[in-house]
Amino acid sequence: MYKLTDQAAEDFAGIYDYTFLQFGETQADHYTEALEAFFDTLAEMPHIGREYPSVPGVMLVEFHRHTVFYTIRDTDILIASILHQQMNHPRYFQRSLSAI
Numbered sequence: 471m472y473k474l475t476d477q478a479a480e481d482f483a484g485i486y487d488y489t490f491l492q493f494g495e496t497q498a499d500h501y502t503e504a505l506e507a508f509f510d511t512l513a514e515m516p517h518i519g520r521e522y523p524s525v526p527g528v529m530l531v532e533f534h535r536h537t538v539f540y541t542i543r544d545t546d547i548l549i550a551s552i553l554h555q556q557m558n559h560p561r562y563f564q565r566s567l568s569a570i
């Protein structure tokens, strides 16, 4: 099982909106459905990611052109943020740390 922080939910909505505007509804639906399926896989195999060196206890894993930041908890994973790979991760990820 996985849960999204408020920031991750906002990131997810932004990904949908951007994809919709750039590529249309079908592609936006397809990409976000694939991302949700990836979250399910990640929850089942949380150690496929690697540790984020700047923040102990935080993991990261790439999905296409996005990086998913998450923590492993007892019964689920908490997805903290979903950032495009071209973004400055340290700068943008700092906003998500308070939710972890």
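If you count the sequence shown from 1, position 69 lands on 539 in this note's numbering, and the numbers rise without skipping.
Every residue, glycine too, gets a C-beta built ideally from N, C-alpha and C.
9 angstroms or more divides the Cβ of Ala478 from the Cβ of Asp487. Looking at the backbone, the Cα of Phe508 and that of Pro526 are separated by about 23 angstroms.
Spanning the alpha carbons of Arg520 and Thr489 requires a straight line of approximately 27 angstroms. In its chain, beyond the 5 residues on either side, Leu512, Ile518, Gly519, Arg520, Thr537, Val538, Tyr540 have a beta carbon closer than 8 angstroms to the beta carbon of Val531. Closest option to Phe482, judged by alpha-carbon separation, among Asp546, Tyr501, Met471: Tyr501. Pairing Met471 with Asp544, the inter-Cα distance amounts to about 11 angstroms.
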